[in-house]
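Numbering (full-length UniProt numbering), first residue to last: 1 to 160.
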């Protein structure tokens with residue numbers, strides 16, 4: 001039987017004749033709803049986040065959730081495992097830019113990564129620093145195959 005908002009309800013009877021119900025939400029819907037709410041907190045309610053990522057050179061602050069970051073990034077997983085009380089991470093690496101880190105955070109929270117010829121190197125650098133090897137490899141493939149430069153060339157008006 002399906003309840004409200006896609007929650008499946010399964011009834012069973014125990015030995016003691018008490019009805020017991022199991023409520024199960026569609027996994028994809030559950031995950032999407034959860035991540036959407038965490039992303040909204042990150043963007044609009046930073047007081048509900050438990051860590052600030054600070055790019056010192058750019059004077060940029062990115063609120064986030066330690067558990068979410070640690071789940072996607074080996075760098076953050078190691079950092080938060082070693083420093084359980086950490087509430088502020090200051091990064092002063094030249095390789096990290098606000099644009100690159102923002103795209104990585106957007107990916108972590110939304111599963112969407114938008115790269116173009118202007119930001120691909122920044123995203124690649126951020127992914128490499130944060131030990132997100134699949135993203136770094138994908139960005140490197142785009143650079144190696146010149147896919148982004150070809151797309152940018154096609155968007156330019158033809159010379160007369």
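Every residue, glycine too, gets a C-beta built ideally from N, C-alpha and C.
Identify whether residue i lies in helix, strand or coil by the three-state DSSP scheme.
i	result
residue 18	coil
residue 114	coil
Got a sec? Which residues, its chain only, sit under 7 Å from residue i by beta carbon, not counting five neighbours each side?
i	result
residue 55	91, 96, 98, 101
residue 165	There is no way to answer for residue 165, as the model of the chain reaches only from 1 to 160.
residue 31	none
residue 125	95, 96, 100
Below 7 Å between beta carbons: does that hold for residue i and residue j?
i	j	result
residue 64	residue 42	yes
residue 80	residue 70	yes
residue 142	residue 120	yes
residue 185	residue 117	The question about residue 185 has no answer here: the residues shown for the chain are numbered 1 through 160.
residue 129	residue 123	no
residue 44	residue 131	no
What residue range is occupied by the uninterrupted beta strand (DSSP E) comprising residue i?
i	result
residue 54	51-55
residue 64	60-64
residue 91	88-91
Compare the Cα-Cα distances from residue i to each of the options and report the closest residue.
i	options	result
residue 109	72, 144, 121, 79	72
residue 51	144, 27, 83	83
residue 68	145, 53, 60	53
At the 7 Å Cβ level, is residue i part of the contact set with chain D, yes or no?
i	result
residue 40	Absent from the structure: chain D. Only one protein chain is present.
Determine the extent of the alpha helix (DSSP H) in which residue i is found, giving its start and end residues.
i	result
residue 40	27-44
To which residues of the same chain is residue i closer than 6 Å at the C-beta, ignoring the five residues directly before and after it?
i	result
residue 107	113
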